[in-house]
Structures are given as structure tokens and as C-alpha cells.
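Step one of this worksheet: look at the structure below.
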Amino acid sequence: TSKQNLNCPIFLIGFMGSGKTTVGKKLSKASNLPFIDLDHLIVERSGMDISDYFSLHGEDSFRQFETNTLKTIPFNQGMIVSTGGGTPCFNENLQWMNERGITIYLQLPPKALLKRLSGKEIQNRPLLQGKSEDEILDFITKKLEERAGFYKKAKLTIDAHNTNPTQVLDLII
Ligand code: S3P
């Protein structure tokens with residue numbers, strides 16, 4: 007496909023496990039626009055993985071680092087950005103993204119998120135570590151309630167329940 011004529015970023019937002027990275031990569035291919043994963047950028051720039059960052063510096067410091075990293079993303083060119091699950095919920099990052107690009111919320115209910123977050127998906131997600139499956143479901147349910155108010159302010163909401171990444175891509179396009 008030819009490069010899409012877009013002069014701002016598309017920000018994918020949503021809870022851990024909602025498919026932001028997978029869908030983001032697909033959207034990048036389909037649109038021929040570059041892909042940036044915010045978590046990946048944080049790992050690159052901090053020199054440590056997210057779990058190590060959390061245990062070494064704590065969540066508050068992570069949120070500041072995340073915001074600083076977000077703000078280095080060039081916003082005058084087309085690109086696909088997958089954000090972290092908490093990105094839109096701190097430091098007015100959502101407003102920042104809405105003013106500069108197109109935010110898309112990948113919406114899924116807690117049980118569907120839990121299903122996608124089993125096994126190795128927990129490893130580099132400090133907020134889920136050391137919890138039983140019941141505790142994770144409880145955590146997701148509560149956090150999602152807290153965060154829904156932010157997520158729902160995205161410019162577009164995609165109902166990603168009972169879909170695969172290709173279907174989500176089609177919905178976005
Ligand atoms: C977080 C989500 C993670 C990562 C960090 C915190 C969150 O990103 O930024 O572990 O607060 O929901 P993903 O949504 O890509 O897993």
C-alpha cells in the first residue's frame with residue numbers, strides 16, 4: 007500500500023492486553039507509516055526493562071519518564087504509536103495526544119483482557135506480577151473502572167471484544 011497522507015500520529019490506547027502493539031504493527035504495515043512502541047522507547051532510553059524500572063525507581067518516576075518520552079514523539083508527521091496502558095491516565099497525556107493526533111481506544115471487557123494476559127504476558131508487566139488469576143481479574147476490573155473515564159475520551163473507540171487483530175485493523179481502517 008502507498009504511504010498514507012497523514013501529518014499527525016495515531017495513538018493506540020487501552021488496557022494492558024488490548025492488542026495495542028499487535029494492532030499497531032499491522033496498522034503500520036497497512037498504512038506504510040512508521041511504528042513506535044512507547045514502552046519499547048522507554049526501555050531503550052532508560053536502559054532497563056519496565057519491571058526493573060518499577061522496582062528500582064517506583065511507579066511515580068516511571069510515569070514521569072513515560073510522559074517525557076511521549077513528548078519527544080514528533081507530532082507533525084504520520085506514524086502509529088502504541089502507548090502503555092497507563093499512558094493516557096497520567097499528567098494530562100491524553101489531552102496532549104488528543105491535541106496533536108488521533109487517539110484510538112481498543113476496548114475490551116476485563117475477562118477478555120485476563121485471557122490475553124496469561125503466562126508470559128505477565129513477565130514484563132510489573133502491575134500484574136505476583137498475583138493469582140483471581141487477583142489479576144480483580145485488579146483489571148478495578149483499574150479499568152478507574153481508567154475508563156480517560157480511555158473513553160479517545161477520538162475513536164473500537165469494540166475489540168471477540169475480534170482478532172486483523173478484524174480490529176479493518177475496523178480502524
Ligand atoms: C502499564 C502498562 C504497560 C507498561 C507498564 C504500566 C499500565 O504497557 O507501560 O507496565 O499502567 O497499564 P502495556 O499496556 O503495553 O502492557
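Note that UniProt numbering has the sequence shown beginning at 7, numbered continuously upward.
Just so you know, even glycine gets a beta-carbon here, dropped at the ideal spot from N, CA and C.
What you are looking at is a predicted structure, and each value in this text was computed from that prediction instead of being measured.
Should Gln113 go down as buried or exposed, given a rule of 16 or more other Cβ atoms within 10 Å for buried?
buried
By the three-class DSSP mapping on this structure, what secondary structure does Ile179 have?
Coil, per DSSP.
In this structure, how does DSSP classify Met85 when only helix, strand and coil are distinguished?
strand
Counting only runs that start and end within the region 123-170, where is the alpha helix (DSSP H) found for 4 or more residues in a row?
139-157
Specify, as a first and last residue, the run of the alpha helix (DSSP H) that Gln70 falls within.
Looking at the DSSP string, the run of the alpha helix (DSSP H) that includes Gln70 is 65-76.
Using 8 Å as the cut-off, classify the Cβ of Ile48 as near or not near the heavy atoms of the ligand S3P, replying yes or no.
Taken from the Cβ of Ile48, at least one heavy atom of the ligand S3P lies inside 8 Å.
To the nearest angstrom, report how far apart Lys117 and Gln173 are at their CA atoms.
19 Å
If you drop the 5 nearest sequence neighbours on each side, which residues of the same chain put their C-beta closer than 6 Å to that of Thr109?
Phe17, Ile19, Met103, Ala160, Lys161
Along the chain, where does the alpha helix (DSSP H) that runs through Thr28 open and close?
26-37
CA-CA distance, Pro40 and Ser88?
11 Å
Going by DSSP, what residue range makes up the beta strand (DSSP E) through Leu18?
15-19
Find the nearest neighbour of Gln83 within the set Ala166, Asn13, Ile164, judged by alpha-carbon distance.
Asn13
Find the nearest neighbour of Gln10 within the set Lys26, Asn38, Ser24, Val29, judged by alpha-carbon distance.
Asn38
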